[in-house]
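Sequential numbering from 0 applies to the sequence shown in numbering that gives the first Met the number 0.
Report on one structure; see the data block that follows.
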Amino acid sequence: MWSLYEAVQLKVHREDILGEAHDFTYNKLKSITKKLSPSLYNLFTRHFQKSNARGTATFVIWYMKLEFGTKIPCGRERVDELYFWPFVINTEPKYITFRRVVATMIQWMTMVDYTMEPFKNLSSLHRPCKASVPVMTSTQHAPSNSKRHTANFPPSIWHDTFLKYADFESVDAANENMTQQIEICKEEVKKIFLSSTNISQKLNIIDSMQRLSISYHFEREINEALEQIQNIFINNALNIEEGDLHFGLLFRLLRQKGYHILSDIFNKFKNNKGKFNETITEDVQGLWNLYEAAQLSVHGEDLLDEARDFTYTNLKSMITNNKLSTYLAKQIDQSLMLPFHKGVARIAARCYMSFYEEDPSHNKKMHQKELGNITRWWKKSDFATKVPYARERVVEAYLWPFSMSSEPKHSTHRRIVGKMTACMCLLDDTYDAYGTVEELELFTEAIKRWNINPIKSLPTCFKVVFNAVSEVVDEIESALVDAKKSTLVLKNVKQAFLNLAEAYLLEAKWCNEDYVPTYDEYKDNGAISSSLPLHIVAFVGLGEFATKEVFDWIFSDPTTIIKAVSLVGRLKDDLASHKFERERDHVASAVECCMKQYGISQEETYKLIQKEIKDFWKDINEVCLNPNNHIPKAVLECIVNLGRISEFTYANFQDRFTNGEFMKERVSELLLDPITIY
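Structure representation (structure tokens):
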């Protein structure tokens, strides 16, 4: 039942059977949670944890050095939180530079956003791209009647936590012995996997590898096994020994790999009335697999929509009615809140490990090191003093590149993109919580020119934010292995920054004019102001896939998967934060825009937006099933990971990025808490 629940997460549009399976398995698993007993195992996370802590430390040092906290006092200090964004894109060690740079850029964007957005002192405004520079530059200072609607952001909960991990030498030395142990473990796991002739066992091993976020170690073996299973399935020679409902796990694993497995295989679980048979709820694991499978639905797969609703309802009921063991109830409840397909692999892995009791982690030290370096950078830059209005969210920022890839090979990427994400936060807060429209037009022009001259007359905090962004972009250039790609990469990164700044500026003007755009108009701009397109450009730019063809595809309008992922992030954010934002002058959120356009209540709006988010996931799933042959699957995976970190960050209508307390326990488990090894 569990396998069926997981399988339905891969539904697409018009897969009604998976929608039913989702509700059915969810309710059944939910109702029997306390009746089941724990007995699972864990693998690989300690080194991972430490290395990312180092990345955050570097990020924090950069922030402290630039004194944003003093120079831009109205923004949020969210250095650690911002590192989460590039962290979630890719957590591999090779992307440490990527994570550091992108986290810095995101911090910059956040500061600019909170400088621009809430100020209302101009009666008529030109669109940002047509602003008259001579007129703007004549404005030496903001008008005397300017009012800065600074936000009452909660302080950072992490402070200097990760600074101690910035010492690369001591951490690297401590890792040597663990690396040898991990290599031995990898060979043992490989032997077990290759020696298995039971298809159900192979599927379960692959599932465990994915849930533990170690599947990249065995990518070739997994791909070969799934290809073999797919061929057997096509020839109708497949026998799932553990029961029919375990087709949910088969469906999810094959569809995740891009195989065109049809959802009509789940029709066998329906009765002659077209409803799912209640008898399938007796197999809790299978029901759960069906629920997870339904998450990979695409448009038109009504069967999967039915499976999702059916499994969800039944699994939820099982938990509510105490029909599951505490152990299984926790796992399924976590899955019902955030299905595996929509979760960040490394975050889900740490949660998964807590259900097990053994976890010889390898990568935690590496991630602690990355986070430690970002933290040191943030503190050394002194953003808390120089940009006091901005959030300090270093750890939260690191989670974004961490989620993009947690693999060791992406360590440099995570470190750089972690800084970039923190810069996006500085940028965001500058536009949103500090700058007047006049100031922000000048600031946007400086970004457009990539020249500080237009803002020389503005308060120091603007120059601090601009210089922080410039330094991160320079760091991206220095990190590029192929110097020949430098011009191409920098051109696209700068363009993505400009697009973001212009989107922030437009929102600031809407706020200034008390203008509530239509829901459609808001979403067109919100896909950019989500900042996710910039994350994608920065990640691709630092990797081996930085080609003109890939960049052209990213900037094409519209690019279905990028727009879908960006709107998942934008809408999830708005659902979680719009009530807090209404406490001050703030641009209308998706909620207010939707209510106005359709003339509906807030409750109805919530339902409509949540339905749209589900549809965007179907768009994402369809692109992954029918990929552009010229776009590497690794690029698509990093894009999807941004949707996953958005789901995590804004789950349960909580803005965990701004309010770090909401994710403190999970981040501590992931990057700080020691893991027992048996």
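Glycine included, each C-beta is placed from N, C-alpha and C at the ideal position.
A contact between stretches requires three or more CB pairs, one per stretch, nearer than 8 Å, and the stretch 315-325 fails this requirement with the stretch 298-307.
In this structure, the beta-carbon distance from ASP519 to ALA563 does not fall below 8 Å. Taking the CA atoms as reference points, LYS315 sits about 14 Å from GLU5. For TRP376, the beta-bridge partners assigned by DSSP are ILE60. Non-local beta-carbon contacts of VAL297 in its own chain, meaning distances under 6 Å to residues more than five positions away in sequence, involve VAL11, HIS12, LYS617, ASN620, GLU621 in chain order. Pairing PHE67 with PRO532, the inter-Cα distance amounts to about 25 Å. Rounded to the nearest whole angstrom, the C-alpha separation of LYS64 and ALA389 is 15 Å. With contacts defined as CB atoms closer than 8 Å, THR486 and SER576 fail to qualify as a contacting pair. Here GLN255 is buried. Its C-beta has 16 or more other C-beta atoms within 10 Å.
The stretch 661-673 makes no contact with the stretch 592-606: fewer than 3 CB pairs, one atom from each, lie closer than 8 Å. Of the other Cβ atoms in all chains shown, 16 or more fall within 10 Å of the Cβ of MET594; this residue is therefore buried. For ASN288, DSSP records a beta bridge to TYR4, GLU5. Counting along the chain, the unbroken alpha helix (DSSP H) around HIS577 starts and ends at 559-580. When the Cα atoms are used, PRO154 and PRO453 turn out to be separated by approximately 32 Å.
In this model, PHE232 and LEU252 are separated by some 13 Å (Cα to Cα).
Contact between the stretch 25-32 and the stretch 280-287 is present: 3 or more CB-CB pairs across the two stretches fall below 8 Å.
When rounded, the separation of the alpha-carbon atoms in ILE415 and GLY525 is 25 Å.
ILE331 has no beta-bridge partner at all, per DSSP.
Within the model, the alpha-carbon separation for ASN362 versus PRO407 is close to 7 Å.
The shortest C-alpha to C-alpha distance from GLN209 to any of MET423, ASN230, SER405 is the one to SER405. Rounded to whole angstroms, the gap between the alpha carbons of ASP381 and ILE183 is 44 Å.
If you draw a 10 Å sphere on the C-beta of GLN609, you find fewer than 16 other C-beta atoms in it, and that means exposed. Looking at the DSSP output, GLU226 bridges to nothing.
The alpha carbon of ILE213 has as its nearest neighbour, out of VAL188, THR109, ALA224, LYS201, the alpha carbon of VAL188. In the structure shown, the three-state DSSP call for PHE275 is strand.
Counting along the chain, the unbroken alpha helix (DSSP H) around GLY525 starts and ends at 518-528. Beta-bridge pairing by DSSP links ILE95 to THR411.
Between SER528 and TYR94, the gap from beta carbon to beta carbon reaches 8 Å or more. In the pairwise beta carbon analysis, the stretch 548-560 is classified as not touching the stretch 419-439: fewer than three pairs are separated by under 8 Å.
DSSP places HIS534 inside the alpha helix (DSSP H), whose first and last residues are 531-541. Separation of PHE615 and ASP572 (C-alpha to C-alpha, rounded to the nearest whole angstrom) is 15 Å. By the Cβ criterion, the stretch 636-656 is not in contact with the stretch 372-386, since fewer than three pairs of Cβ atoms, one from each stretch, lie closer than 8 Å. Cβ-Cβ separation between PHE246 and ILE264: approximately 6 Å, consistent with a contact (criterion under 8 Å). Around the beta-carbon of THR280, 16 or more other beta-carbon atoms lie within 10 Å, marking it buried.
Taking a contact as a CB-CB distance under 8 Å, the pair GLY371 and ALA165 counts as one, their CB atoms being some 4 Å apart. Judged by their CB atoms, ALA545 and VAL464 are not nearer to each other than the 8 Å cut-off.
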